[in-house]
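These notes concern the structure reproduced below.
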Amino acid sequence: VTTPRTHAIVIGASIAGLVTARVLSEHVDEVTILERDRLPQEPATRRGVPQGRHAHVLLAKGRQLLDGWFPGIGDDLIDRGAVPIDAARMVWHQAGAHRTPADLGTISLCMTRPLLEDAVRGQLLQQRANVAIADGVSVERPLVEDERVVGVLVDGVERRADLVVDCSGRNTRLLAQLEDEGFPYPEVSAIGIEMAYGTRMVPRHDHHLDGDLVVSYGDPAGAHRLGTMLPVEGDQWMITCAAFHGDRPPTDPTEFEAITATLPSREIADVLADTVVPSPVLTHRMPTSQRRHVERLARMPAGFVVLGDAICSFNAVYGQGMSSAALQAEALGRSVQRHGVASPSLPRAFYRRSAKVVDVPWKLAATSDFADPRTTGPKPMGTDLTNRYLEKVLLACHTSPRVARQTVQVQNLMARPESLMTPTMIARVLLAARRSPARRASTETAAPAPVDRSGVLSRDEPVAA
Ligand SMILES: Cc1cc2nc3c(=O)[nH]c(=O)nc-3n(C[C@H](O)[C@H](O)[C@H](O)COP(=O)(O)OP(=O)(O)OC[C@H]3O[C@@H](n4cnc5c(N)ncnc54)[C@H](O)[C@@H]3O)c2cc1C
């Protein structure tokens, strides 16, 4: 007696699709990724992932998951030019001063998004013999039979599978097509940010900052602009400026340089001033952070789930999308292991788990987004109070290595946000914020009153220079 072979189809060979295929390859006999683009042989931007031309930071959580699934990927990336960065050497200017050096406990890697995707794809195909990618293949729609997605239609031809995972990104059409088949469309939370990115690539010289990553944030309540400068392969800096609510980085290279001079710290402007050839400014716009609440669906077909940006696409400045996709893929693996790939209870079980892993980055991002008073949309409860406390946290990051370290851990999804709100941490934050060189004139206590259960308000380490 032969058991029928199990087959999963993953739509989209971007980061969500690749990590999903990796996870599913442990649970099904065969995984096929269907990708609309023709995939390049070398790292290169492609039509289906236009955001690939802009700064992409891989948070520590995402790095940890990728390292686990693809042993050796870090070395592979470094061999190909990715730049290792010690978080303690990051130049990070926010809330009016530079953050004190904070060790993250791991080394981060800086590279372009096409290099990362190329490395993940290469490792996947090398290490998982039961995964195949068919590129230049556009999925037209899901095939539905008896309340179940049984495959997809491609060029009029049916491709059948036990499970279809839609990783086709923020603009997926499949949920609308399922609505046409009688299934409800998920509720959508959209937070209006009107984000505009402008990116320039410029040569990186030895006399510039030595391999450091730079982040420079303008005050959300004032000139809310952000500049990042990432050292990437090919001895280049990738300089990205973000602006919000109608403010846009200029497309003229000289004006772009001028706008970097309006950032609260000089590092990026200094490098651009040292650049002779005016490289073009590439742009991208994102009107909203968007979350589809698939976990609230009353009815859903068996044999189908969405994952990645199709579920949640965040304000890009927090660098959460790829790590969130990896966390969701991990959650899918757990759900498949528990319920089986073809089980009708799989989609609901997965959506329940994925909602939990998406919740943290979604709330972190939404909270920070609402620090800008022009942000619109559903404001999570308690956001204003949290933001008043976060303001203190950011000030404390100027002087307290412990607060800075914990903040970096939270931002990298390695620690829960609540870890910044323990009584000891609140006491530490309030003390350190008072020492910030950028301390606001207002002395009102914005945080909940610290309750120190040990009875000792421990002092921070000495102030770093
Ligand atoms: C400007 C910008 C900057 C960002 N910066 C960061 C960052 O710093 N760090 C971070 O972690 N994240 C960042 N992100 C988010 C990150 O790009 C995504 O989270 C990540 O790519 C995962 O998305 P995804 O795989 O779900 O979808 P996508 O990346 O959108 O990929 C969808 C894939 O599906 C394919 N496809 C679409 N339709 C079909 C179809 N019908 N048939 C077959 N294939 C199809 C597309 O060609 C594409 O390959 C940023 C996003 C933007 C917009």
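Residue numbering for the sequence shown follows this note's numbering, starting at 722 and increasing by one per position. Glycine included, C-beta positions come from ideal geometry on N, C-alpha and C. Note that this is a predicted model, so its numbers are computed, not measured.
Between ligand 1 and the CB of residue 779, the shortest heavy atom gap is smaller than 8 Å. Put simply, the stretch 903 to 910 touches the stretch 1010 to 1027. At least three CB pairs are less than 8 Å apart. Cβ contact annotation for residue 940 (same chain, cutoff 8 Å, sequence separation greater than five): 816, 817 and 985, in chain order. Relative to the Cα of residue 949, the nearest Cα in the group 956, 961 and 942 belongs to 961. Taking residue 811 as the centre and dropping the five residues before and after it, the same chain places the C-beta of 934 closer than 6 Å to its C-beta, in chain order.
In the three-state DSSP reduction, residue 1034 falls in the strand class (E or B). The C-alpha of residue 1024 is placed about 27 Å away from the C-alpha of residue 844. In the structure shown, the three-state DSSP call for residue 1039 is helix. In this structure, ligand 1 has no non-hydrogen atom nearer than 8 Å to the beta-carbon of residue 1118. Residue 839 holds the alpha-carbon nearest to the alpha-carbon of residue 801 among 828, 839, 785 and 780. Below 8 Å, too few C-beta pairs join the stretch 1035 to 1047 and the stretch 1101 to 1116 to call them touching: fewer than three. Out of 772, 787 and 1122, the CA that lies nearest to the CA of residue 833 is found in 772. By the criterion of a C-beta distance shorter than 8 Å, residue 916 is surrounded in its chain by 963, 964, 965, 1006, 1007, 1008, 1036, 1037 and 1038, once the five residues flanking it on both sides are discounted. Scanning its chain for C-beta atoms nearer than 8 Å, with the 5 sequence neighbours on each side dropped, one finds around residue 750 the residues 726, 727, 728 and 851, in chain order. Distance between residue 898 and residue 862, taken at the CA atoms: about 7 Å. In its chain, beyond the 5 residues on either side, 1101, 1104, 1107, 1108 and 1111 have a beta carbon closer than 8 Å to the beta carbon of residue 1088. If you check the CB distance, residue 1045 and residue 921 do not come in under 9 Å. The beta carbons of residue 873 and residue 755 sit closer together than 9 Å. Note that the C-beta distance between residue 736 and residue 752 is not below 9 Å. Here residue 987 is exposed. Its C-beta has fewer than 16 other C-beta atoms within 10 Å. Unbroken beta strand (DSSP E) runs of no fewer than 3 residues, entirely contained in the stretch 925 to 1010, are found at 935 to 938, 946 to 953 and 957 to 964, following chain order.
Relative to ligand 1, the beta carbon of residue 794 is positioned no closer than 8 Å to any heavy atom.
Sixteen is the threshold: since fewer than 16 other Cβ atoms of the shown chains lie within 10 Å of the Cβ of residue 788, the residue is exposed. Measuring C-alpha to C-alpha distances from residue 776 to each of 970, 798, 919 and 791 identifies 919 as the nearest. In the DSSP assignment, residue 831 is bridged to 804.
Looking at the DSSP output, residue 815 shares a beta bridge with 818. Residue pairing from DSSP places residue 853 in a beta bridge opposite 753. Judged by DSSP secondary structure, residue 1122 falls within the alpha helix (DSSP H) whose first and last residues are 1122 to 1132. Taking a contact as a CB-CB distance under 8 Å, the pair residue 1120 and residue 1156 counts as one, their CB atoms being some 4 Å apart.
Beta-bridge partners of residue 728 (DSSP): 751.
Short note on residue 996: C-beta not closer than 8 Å to any heavy atom of ligand 1.
The three-state secondary structure of residue 1104, taken from DSSP, is helix. In this chain, the alpha helix (DSSP H) harbouring residue 1080 covers 1067 to 1090.
Within the same chain, 856 come within 6 Å of residue 760 by CB-CB distance, once the 5 residues on both sides are set aside. Note on residue 1059: under 16 other CB atoms within 10 angstroms of its CB, so exposed under the neighbour-count rule.
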